[in-house]
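Protein chains: 4
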Amino acid sequence: MWFTSDNAAPVPPAVLAALARANEGFTPGYGADALTLQVQDRLRHLFEAPEAVVHLVTTGTAANALALGTLCPPWGAVFCQTEAHVAVDECGAPEFFTHGAKLVLVDGPQGRMSPEALRATIAASGQSLHNVQRGAVSITNVTEAGTVHSAAETALLCAVARDFGLPVHLDGARFCNAVAATGATPAALTWRAGVDVLSFGGTKNGLMGVEAVIFFDPAKAREFELRRKRGGHLLSKGRYLAAQMLAMLEDHRWLDWAAHANGMAARLAHGLAAKGIALRHPVEANILFPIWPEGQSARLRAAGAAFYDMPAPAGHEGARLVTSWATTESEVAAFLKLF
Amino acid sequence: MWFTSDNAAPVPPAVLAALARANEGFTPGYGADALTLQVQDRLRHLFEAPEAVVHLVTTGTAANALALGTLCPPWGAVFCQTEAHVAVDECGAPEFFTHGAKLVLVDGPQGRMSPEALRATIAASGQSLHNVQRGAVSITNVTEAGTVHSAAETALLCAVARDFGLPVHLDGARFCNAVAATGATPAALTWRAGVDVLSFGGTKNGLMGVEAVIFFDPAKAREFELRRKRGGHLLSKGRYLAAQMLAMLEDHRWLDWAAHANGMAARLAHGLAAKGIALRHPVEANILFPIWPEGQSARLRAAGAAFYDMPAPAGHEGARLVTSWATTESEVAAFLKLF
Amino acid sequence: MWFTSDNAAPVPPAVLAALARANEGFTPGYGADALTLQVQDRLRHLFEAPEAVVHLVTTGTAANALALGTLCPPWGAVFCQTEAHVAVDECGAPEFFTHGAKLVLVDGPQGRMSPEALRATIAASGQSLHNVQRGAVSITNVTEAGTVHSAAETALLCAVARDFGLPVHLDGARFCNAVAATGATPAALTWRAGVDVLSFGGTKNGLMGVEAVIFFDPAKAREFELRRKRGGHLLSKGRYLAAQMLAMLEDHRWLDWAAHANGMAARLAHGLAAKGIALRHPVEANILFPIWPEGQSARLRAAGAAFYDMPAPAGHEGARLVTSWATTESEVAAFLKLF
Amino acid sequence: MWFTSDNAAPVPPAVLAALARANEGFTPGYGADALTLQVQDRLRHLFEAPEAVVHLVTTGTAANALALGTLCPPWGAVFCQTEAHVAVDECGAPEFFTHGAKLVLVDGPQGRMSPEALRATIAASGQSLHNVQRGAVSITNVTEAGTVHSAAETALLCAVARDFGLPVHLDGARFCNAVAATGATPAALTWRAGVDVLSFGGTKNGLMGVEAVIFFDPAKAREFELRRKRGGHLLSKGRYLAAQMLAMLEDHRWLDWAAHANGMAARLAHGLAAKGIALRHPVEANILFPIWPEGQSARLRAAGAAFYDMPAPAGHEGARLVTSWATTESEVAAFLKLF
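Residue numbers (numbering that gives the first Met the number 0), protein chains in the order written: chain L, 0 to 338; chain W, 0 to 338; chain C, 0 to 338; chain S, 0 to 338.
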């Protein structure tokens, strides 16, 4: 009953098997190996984006911050949701990699960014020499609240960005879960909607630490490569990142794992609702925010459940539960029995 | 006959086995897992440094640049050897992570830093408000020329740094090879000689991409952790880094693999000398810089050998050969037969 | 009738006279001249702070950003009021000079920072490795809304900062006006209340471009000097900055000029109130924010008045009026006659 | 007999008079005043560059570092002479404003940059992802050794830069002295030779602290303005910078003052040679590097002379003498009498 995060789970056996297969013979270093070339092609194919430039890194923070550094100048503003990972959970990595850009927070319901709020916030931002200049928009899908932006919603946000001439970054640490949740194609949720650069997460979906940064517009790809090397994020033995990502992309695993995680979350949500437990946000992907009576958290932990605490109204306790490819039906059932 | 770099080799089976063993159940993230705690202890033990603080990252560039960022202020100078990896091969990562420090080059024979040159260079550096201030010294062992600093030589360099009140970083991307070459203990080559922070390389010695940064003085360890997170170098699934490093530390593998690589290089050097091929530098670890007659490189490559070209006098061709844990005696013999 | 800003005014004759007097003979450069030493002493005396370290720069943005760079690490948060100059009007200079710190906005009524909001905001800020760390508090007095923090209010804010172990910067671009408004001593409004570093403004009070940065705790003064040089803010001919600041400090001019400006603003406020014009904020120093009926702005400008537009409710127009040492009673009277 | 630096002198009366004239009435701030517009036109005219963009700052370090920040990316190399002010005397300001570029040193005789050495250094710099990329060339004229680059020499250096596609910055802290020394036009020494951006010095030629940055290619001018504001280098009361620079540009004063300084240096050089004193470098502008017998420095200082010490061979003492607009014939004669 381990629900702290999708990064607490082990990796699927297919990932280990792929590493073993990749471990044959000598290869060129620094991303010039055959598996890296193969995974780049595979992702271009998955995203129906033959011109896209794809690079692998090991953390979501690196993917996001390197992408934002490439899109936004030091004197720029990155418009992002108030609770966005880039704003709250990366110890200022975007500020570091942009050399000092400002993250300007945009509100929205249920962890989503609202197009109206985005438009109003950008419009209200100054444009004189005295102000930080408008730089980029960063959307998150799945959001930190566990909600999902549909392709249409994403397109609305991108349209606002386009009205102001701003490029769009999508933090897709849980992008596979968003695809599973919406049923939209990867292309529909990204470049067809207007996204310029995607952080495509593999780690939270089952890899050891592999994310892809996908530039749908290749114009800035060389700069990205220099930033990646300079950031210490160019691994010499690229094959071990590529092999994992390829394993995830084969046989629809990327979608199956995410769909399984989403399904387990739905099952938890259904079960909790049946017990009268309120949820702070709609459960659309693999994250839940239940609010239960005081004392419940200790009882659950005593029974072996692991999760993070969250704020809650008086007399209650809040929690965050995250499911993963490794969450089982029996775990869910056992957890629900504790109520 | 793949001699381009030690990072071109596959990883030893023990590494894959360790990953498989680590892949059981759920763990806390971000370095709070049991394997990470274990590898930290194991390295403290190996270095006879019970107070040392140990953190893992995935690249040598990250290890070096994060360490230098922690030791040297933005307005500081890092004194390093002219050919040092931090100066030449990291696309300015030290400048990025220090927020703009200056790398001041120190000469020395055979890729080594000379204590006299170090002292003269530091002494000649200005100390007024108009000058970059003295910040840190960065030594490399094994050097980029494939030579080795003995414990006594390291101590001489550190003594110079101490005379000026400067902390010392040691880039040990091939530290295991240096231990194997010198027969000194890890402690003797580092903190006993006066080193403050070590980049302890695992990748070139057989891991997929794992380096440890070891702070012998724990004073700046918290700052390092913040810099690591902010640099996107804190992996959520720490167990997969720790498991690899543990596999290397068990059963003297760290030393066996390095000693094997050094031995293969010695065998190559011996064989080349017997063929009358000159070597640019003494072969003390696992890197060779042969200079052979024009036309030889093409012949070798046609026969399947892989290596990097290096500058050479007219009528000759230079090359760099690097051996690894995976280099075999038969490969070496086959290569030598091509002369 | 020029009310755009206090930086639109000429400088008082005493400033020109001081420049002429300073223009005798040769002097050492870079702040080692006699006038610079003299102004440092004079400011230490004015602030009853014999240990304080004083340095001159030419802009308020430089003073603020250099001070914040010295107080707050790159991974730190600067807590400041939502409308603070450092947050809104400096094109990200604090982010640049801190190497990427985050400005976290704190609300408060009438442009002031509220101690309760400051405490709540700091308390709510995360402290894990994933979050930007608490770095410094920056207060503004006179505020951007033209209101003033009393010594007691300043002390309350500093007490909150101290509870969290944070240093306090005070942006005093209009500090002289705050002294004139409150009747408190310079010491009472700064270090006695708990302020660590003050940006002491001369430019808006009548100088050509001179600000002093005053470190009441001299511990970080050397670092400040290096940051100033590295920022291009160490002028070689220090005497011309020092002479101006000395001219302002002599004969109570610093207070007289500010009191005059405040008085003219009060007169404007009184006159506007008599005409039934609402003011967005209480007029406590030398800035007013009147809201008048639509069409009034054009009429005023046609008659020769200069001021900035501000947002206003429908059917109205907002403006910002700033008075200075050079504003005259007759100007004020002429302006009021236009209503 | 004050020869420490040209920045130790007072300013000419015309500068004070111009400040007094500028001190009339109210003006728009931040460089939108009439005098700033006028000085921009005047410099465009002087340089025969009607498209050039001109901005004023207060220090040479700011001019250079802001210009280099605009020309060279964070991962770039700035190729400059070994003794260049940007490399040696600015406490890392170029590294700060470029966000971490590397200054790569190019040798050359007598403080000059040699085109051959420049070409060789650029050609030798790596171009892989692992290396800092070629960014910009920075020339100095007058050099730190007091020598001068002719228009033809400047063109040769710029041609090398152009061969590699690199923009050229010219540090002209003593540019007026270079014009006076060469007899070339300002245009011939800059854009006609291939210079893209000039730091045009006023301070060392008699102003209180005013330098112009001139972009002959206006493409990056807006970015420069944002960098200037963000660096705290946009003064609100632009008229006082502009008035000084205009005073210098009127009536050929810029050239007269520089020619006078050069003439006084020539007179010193002639006199010293007559006394058998060797000079380290040819005296081409307003700086001399005499080498005299041990003991002479103390004797000169006892007699009231002021200058900086420089390294010298055993048994000798080295010095640096700098003349200015304010150096008089009688001072020179009195100094020479001390030998």
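For each residue, glycine too, the CB sits at the ideal point set by N, CA and C.
Chain order gives no chain L residues near C:W190, where near means a beta carbon separation below 7 Å; the closest approach is about 30 Å.
Around the beta-carbon of L:P217, fewer than 16 other beta-carbon atoms lie within 10 Å, marking it exposed. In this structure, the CA atom of L:P27 is about 15 Å from the CA atom of W:D308. Contact between the stretch 236 to 248 of chain S and the stretch 69 to 82 of chain C is absent: fewer than three C-beta pairs spanning the two stretches fall below 8 Å. Counting of Cβ neighbours within 10 angstroms places W:Q39 among the buried residues, the total reaching 16 or more. Along the stretch 228 to 243 of chain C, going in chain order, the ones with a CB nearer than 9 Å to a CB of chain W are K228, R229, L233. The three-state secondary structure of L:L233, taken from DSSP, is coil. Here W:A268 is actually not in contact with W:D5; their C-beta atoms are around 16 Å apart, not less than 8 Å. One alpha carbon belongs to W:A301, the other to W:Q295, and they sit about 10 Å apart. Distance from the CA of S:V14 to the CA of S:V209, rounded to the nearest whole angstrom, comes to 11 Å. For the set S:S323, S:E293, S:F338, S:K336, the Cα lying nearest the Cα of S:G317 is the one of S:E293.
Between L:A211 and L:L36, the beta carbon gap of about 13 Å keeps them out of contact (Cβ cut-off 8 Å).
Against chain L, a Cβ distance below 7 Å from W:N6 picks out G28, S235, K236. The alpha-carbon separation between W:A158 and W:L197 amounts to approximately 17 Å. Within the same chain, A186 come within 6 Å of S:E47 by CB-CB distance, once the 5 residues on both sides are set aside. Taken in chain order, the unbroken stretches of alpha helix (DSSP H) that lie wholly in the stretch 125 to 210 of chain L and span 4 residues or more are 150 to 162, 174 to 181.
Of all residues in the stretch 59 to 77 of chain C, only P72, P73, W74 place a beta-carbon less than 9 Å from a beta-carbon of chain W. With a threshold of 16 other beta carbon atoms within 10 Å, W:R229 meets it and is buried. According to DSSP, residue pairing for W:A277 in a beta bridge involves W:I290. For the stretch 114 to 138 of chain S, the beta-carbon criterion of a distance under 7 Å to any beta-carbon of chain L is satisfied by L128, H129, Q132. Annotation: S:V85 is outside any beta strand (DSSP E); the continuous alpha helix (DSSP H) that includes it extends over 84 to 87. For the 9 Å CB-CB criterion, W:L287 and W:G182 do not form a contact. Residues of chain C whose Cβ lies closer than 7 Å to the Cβ of W:E89 do not exist; the shortest such Cβ separation is about 19 Å. Nearest to W:V147 by C-alpha distance, out of W:A83, W:A17, W:R111, is W:R111. C:T58 is classed as buried because its beta carbon has at least 16 other beta carbons within 10 Å across all chains shown.
Interface annotation for the stretch 202 to 226 of chain L against chain W: T202, M207, G208, L225, criterion Cβ-Cβ distance under 7 Å. If you check the CB distance, S:L55 and S:V178 do not come in under 9 Å. Within its own chain, the residues whose Cβ lies closer than 8 Å to the Cβ of S:F96, once the five positions on either side in sequence are excluded, are A64, L65, L67, G68, R226, G230, listed in chain order. A direct Cα-Cα distance of roughly 21 Å separates S:A160 from S:L128. Straight-line measurement puts the Cα of S:V85 at about 42 Å from the Cα of C:L156. Under the three-state reduction of DSSP output, C:Y29 falls in the coil class, being neither helix nor strand.
With a threshold of 16 other beta carbon atoms within 10 Å, S:G91 meets it and is buried. Annotation: the continuous alpha helix (DSSP H) that includes W:E94 extends over 92 to 96. Rounded to the nearest angstrom, the Cβ distance from C:R298 to C:F306 is 12 Å, too far for a contact under 8 Å. Taking 9 Å as the cut-off, the beta carbon of S:V131 is found no closer than this to the beta carbon of S:I121. If you compare the alpha carbons of C:A7, C:P49, C:A333, C:F2 with that of S:G30, the shortest gap goes to C:A7.
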